[in-house]
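Each remark here refers to the structure printed beneath this line.
Chains as they are written, first to last, in the working numbering: chain A, 1 to 446; chain Z, 1 to 446; chain U, 1 to 446; chain F, 1 to 446.
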């Protein structure tokens, strides 16, 4: 409906028009100081400019109103800044935005926003991974049906189910750490990417500017090579998919007929405007909505990256709302799922009970693998498949069908059958997998 | 950067949070009155409710603030409305939102927004088609190079180039007219789409409600069958593509090296923050940005349409911002191109001059088709292709190469060659096509 | 894995390389005859050309091998055809492909393929709608839980659940019928869309060509206005979404814990390579895979529609595999679901039983609406919501909680409560909706 | 049209049905040997199985024909393999596919295909980067117009224009190297990801299997955590966008009116079926088509990654054709552009000449920056912008307008103006950027 459902207040604030202009002003201030530091403009002018680069001095709505005619936000902002500087010190106004172009301010401003946003997202990633790791450790032996093609397959543990997600989240943290180093770099190239306007001082100003903003300096400007931004978009797309998978699984577990987990209860949370009994999985809904929306936005970033010559025509502007939306949706989905994970209601007894509703069919592979050493995997598969069909047709327990089959009792011995229907005996490497993943999440950590 | 670049003020207003809530209140008011009209709730209660359904009575920010917990905007809105009604008349408060569910208010509110938005878009569609039709008629004989694969191909007219776009716009108007009839229908189904809450009065209330809102009543509710909304999204996607094509062509014609058309001049329009000479095609840039962004959003609508059972979990919410964005981007692109079309600078002399820069190569097919009746199309193709290669290698005019070839002069006679290099003689059905398309745009019409 | 999983044999054959070339030859044959009929080329040449336009005369692999160098399939095909005609009658070879361009053959060939493909799809659409309509009529009173946000909401009927899909399918048939009239039109414009190569005979040849191919003639060529193709893509995208929704719902109903419907059984169908008991919903899986894939392909068609000048550079080729894929995926999903629908196992007793598992919570709205006339909808909502919470906490039936509440018994009278827990009494307009939709599917029809 | 236009023969072979099955057989053979090596199955059986895992022993079409019923390719393949093993040694047949599930064979087979495909792509990436680096070094001082918004902006060098692309390609190589280490890992988890079927031997078999296939072993199986595959898809998406940008720029430079570069000439390359003079940029067209198509396919991979529980229903199958298509399109685009780059015709004299066509406007920023130290950047901007407008209106050279303005001559001195119109004097850091990027491409390297 409105952004407030789909993202966090902190991210909304970071990507507001006001914040955007504020970051561009941070670029303009640092540019003036960097240029002064290497003797390109007078230090006194730089000081005046830097002092004026405070968003409180600007009429955000007026700048926005000039946007459609100008074509980008830097033009009216630089005009307004020049006006303010002129009022403060006429001698300084001629040095505003010296040697830069609109894209330098817009792209670097965006990078500064992204740096803050990714820090917020990384913190929530840690929070979610931690919450899930706690559950995974707690439920390292809690059995529930593993489900493939939405059908019960064989028993697994809730621990291993969550560990798979924790592993993916840890990989996303690694990707994010790598991207924060590689992708968040200064954009500064002047009108066509050569810094011709700075003559032989281009690299010196660039280095000083990067230092002031705390941004790495790339080999050369990236005005129409947008792979770094696409990398951020793609990483957030993958994160959102992981969140969507977690949300979908939890919503499926929360189905009335399954009842294995529920989102946390809170007053007013997840109600219905008409149905008094409802406890809707609203956190999952936010994450799933993001998982539906973000792929198309990532595709837009990739399409937009085919930018003409030294500045894209419509494709550069196509990024301006798209990348912030990706960040906001991913961050909103993440916060929603972190909240869900921290308060998740796990119904271990129902998980166990749901393993019983097939009258033993969920143990069919266990039986097959017990028979296989004696009669072969293929013959065991046929035998058990037929037994399953009979069990369904006769509403009988698979155990009883098998116990009446002399090929089975002959192969396994009389006492073996009941043990095959104990889920605890058929969990394979579930515990080992959880432990391997949780190495990064030792007990007591946070 | 900000919506104001990419859409119109009117569409932003239509899709603001305030407007959205206002349309949902319109639904609630009409619902109460419809229910009173068929005896489901007291008329007195309906009157009180309808009077309270004025957005001025509500704290939009507070409702938005309750959204993340509630999961949809209808829940806090209905709660606030119930409070307001209670304050006005305690006896009426029990009849608010009677028999309805959140989705009824949200979907029908959206349909009301769309109805207004499509009317605005249709008006701008007419404006753009009219402006282009005027140019097409004016330039029905203005020649310029037709270009295929970004290479000059053969002469066409600027009239026929624009008529192709006018024809597409007219088809979009037909699609829009059809959709306004078929797709803008009432959603009213109650909690799970059966109107069980209204017992045997469901259809009667539905009919009365449709009449009050001026919306057609479908065979049954469409809570999880979203094809009508997708149809609107797809139509706007096609419109945006047409606008992108027009914008791209005009931007290509406006290239410094081509110079055949320019966007209108206005103070401050299309400047650069650093380059004093720039006259950037900012209208085209807005339309192209939309053409890059809308396809992914249409894909999102199609993905979101796979909605579970009687209400989608994350996919329904995935529509809430996506469809309005499509409408706003399409409408913004349309306004931008209508403005461009109305003020388009056409440089007919440069178009004509650009036909000369290949030294006759652009007339190669004309020569080939003149030779073909005598020597065959295939032989003529080879002969002229070789002549073209020679012309390029020798920096000669194709005409002179051909005039020196006795096979050519033998086949065509001595005087024929110069005529083949007159673009006016090789325009085929250009005029007829323009006239066929402009039947829907008679002179003087508007 | 391979196309054979995702589409039908008939559609694979229609869109094979061989079939594609065959359709282009059909264009070349009709072109020659049409041109002869209006005196543009000799009838004798046309006859020879038409006779040679038989795919059996061509080496499909060799033509394909020449493709990467040529850039499109028409160039090597026309070369091969010219060679074949020359061998048959040297006098005719000079009239092959007279006045046409590659795009004319490729686009019109595609339209001919689409005409056949849409006819196949329409037949399967009718088959699926019919099968679902039969189930809807049969289950017009079969109750099951309506589910919103994947939670049980209130009772509905299986009939009304299916009728919603039937209605959507009928709308798709209407869209398809409209598109078969509007979108399947001849493309014939020559090198740059003016038919200059035919001098004053362009329209006459066009009309004759359209008649021969049975294709309507548009106002003008559509070489770079691709809205008609996008319209087909979008329609199939919407159809695929409807199929995905149906597939998802059936797969959710087939979950082990829900058990309300199953795909038809067949030997070897839906097994697992390791689990003997599995009966996987493979039909649903095919439709869902299509629903995941088609939206991105529709987006590609919309992106590709921004084609430069008189022939797109990379965007026209981007259509060549994309639109056939959309058709094949939609058609494959449709066949899969038609097969599923025709053999669907519906477990009505389990549907009924699942209404009981909440201990009455699924009737909460029914109770609320019964109380509302006396105590108001809002007060009833609170009262019943509290009763629901108590029922859950105390593992009690909602009926018993309510029966012990004097506010409830006071408002409703003593005997009313049990009736509120009968699903048959709370179905609203379910029957009427089914009947309204099935007007297009009368009993006995097919 | 057909894959052969859009991809390479080598990639088509790698992703054929036959190759796919062959890779799955490689998995089955390695599985049997790994299991024998740790004592899970007899070594004699493993030897027989491994010997039978040769695609030459299988009827690919028959396996494909069984696919639609089975739902995945592993089921009929394992059945056929079991039959073949039985024929060779009945005692061995019971050990085929021991403990594995379909997804293990399909996913690991895919990873093996991807390993080969990425190696091919990396080689072509190196080839393209090398070819462009050669041009960049050669043209380190070749001037041409930098263009922003498709308008001439100011002079740059062809070297710096290409260096930007080389830098992006090098980043893609780094991404690819990282992914080949992180993303190409073994998938082996058995029916529900726990390897329960192997009891306490799961990890031992996993390690042995990974060693045999040369694949790293992840912490746990990744059956429904698809981020590694998405990472590959996204990387290729970014690569394709870079190729699209290069292709678009070259096609724009190849425009008839610009004429600064051309694709290599070869017999039959880039011709037209009707226009004898055409030399179409067919390499660029292939890359641009990929750049239009791949974003939607990457979006599909992200959408598909939301896979339910322990095996996705329709979303896992949605990957099966999508990821190979991404690889094939990216690889085809890459080969096309490597061929173009190696044979690129650069017209340096035309580049230089195009800097003259604006009568000096392209030097407007140079003049402004020369004036700025004296009169301020803002005043200089206004002064020069006015001079530009006058130059256009009067068809005069900007130099002459400025030379007549005493404010200009006063500020700059009499002799300064001509120097400002020398592109060589306004190239900023162009040379330095080229050298910084080419550090990774030293002269003589390859």
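Backbone N, C-alpha and C fix where the C-beta goes; we use that ideal spot for every residue, glycine too.
Since the structure is predicted, the reported quantities are computational estimates derived from the model, not experimental observations.
Should residue i and residue j be called a contact, given that it needs their Cβ atoms to be closer than 8 Å?
| i | j | result |
| --- | --- | --- |
| residue 162/A | residue 132/A | yes |
| residue 30/F | residue 212/F | yes |
| residue 514/F | residue 380/F | The question about residue 514/F has no answer here: the residues shown for chain F are numbered 1 through 446. |
| residue 74/U | residue 106/U | yes |
| residue 306/U | residue 302/Z | no |
How should residue i be labelled, buried or exposed, when 16 other C-beta atoms within 10 angstroms of its C-beta is the threshold for buried?
| i | result |
| --- | --- |
| residue 26/U | buried |
| residue 394/Z | exposed |
Does chain U have any CB closer than 8 Å to the CB of residue i?
| i | result |
| --- | --- |
| residue 114/F | no |
| residue 315/F | yes |
| residue 188/A | no |
| residue 297/F | yes |
| residue 354/A | yes |
| residue 528/A | Because chain A here runs from 1 to 446, residue 528/A falls outside it and cannot be looked at. |
| residue 230/Z | yes |
| residue 381/A | yes |
| residue 308/Z | yes |
| residue 434/A | no |
| residue 302/Z | yes |
| residue 44/F | no |
If we cut at 8 Å on Cβ distances, does residue i have a partner in chain Z?
| i | result |
| --- | --- |
| residue 220/U | yes |
| residue 280/F | yes |
| residue 154/F | yes |
For residue i and residue j, which I take to be in contact (beta-carbon distance under 8 Å), what is that distance rounded to the nearest angstrom?
| i | j | result |
| --- | --- | --- |
| residue 256/A | residue 310/A | With a Cβ gap of about 59 Å, residue 256/A and residue 310/A do not count as contacting. |
Compare the Cα-Cα distances from residue i to each of the options and report the closest residue.
| i | options | result |
| --- | --- | --- |
| residue 97/A | 68/A, 40/A, 324/A | 40/A |
| residue 287/U | 322/U, 251/U, 159/U | 251/U |
| residue 9/F | 421/F, 332/F, 432/F | 332/F |
| residue 340/Z | 403/Z, 291/Z, 198/Z, 262/Z | 262/Z |
| residue 463/U | 88/U, 366/U, 272/U, 296/U | This structure gives no information on residue 463/U, because the portion of chain U shown stretches from 1 to 446. |
| residue 272/Z | 362/F, 226/F, 403/F, 235/F | 362/F |
Report yes or no: is there a C-beta of chain A within less than 8 Å of the C-beta of residue i?
| i | result |
| --- | --- |
| residue 385/U | yes |
| residue 376/Z | no |
| residue 3/F | no |
Within the 8 Å Cβ cut-off, does residue i reach chain F?
| i | result |
| --- | --- |
| residue 243/Z | no |
| residue 214/A | no |
| residue 36/U | no |
| residue 64/U | yes |
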